[in-house]
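Notes follow the structure.
Numbering (my numbering), first residue to last: 187 to 254.
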């Protein structure tokens, strides 16, 4: 199983690492941790990150966070 650190997982999902950290703090994600405490994300976690992001974007009123 391929595991990614937070920067790589965020890059794969197309969002910032701080956003992924926020999702973890909110309890939306629970990645495994290595012996140093670093978060390790599976491909399934990366898909979940993207799903959470897209769901959050869909809930925003139009004109907020959209492209011009």
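A virtual CB, placed ideally from N, CA and C, is assigned to each residue, including glycine.
What three-state label does DSSP hand residue 188 in the structure shown?
-> coil
Under a three-way DSSP split, which group does residue 226 fall into?
-> strand
Quick one: what's residue 233 bridged to in DSSP?
-> Its beta-bridge partners do not exist; DSSP assigns none.
Other residues of its chain near residue 195: CB distance less than 7 Å, five sequence neighbours each side excluded = 206, 227, 231, 232 and 235
Per DSSP, which one or two residues make a beta bridge with residue 219?
-> 225
Could you check what DSSP says for residue 214 in three-state terms: helix, strand or coil?
-> coil
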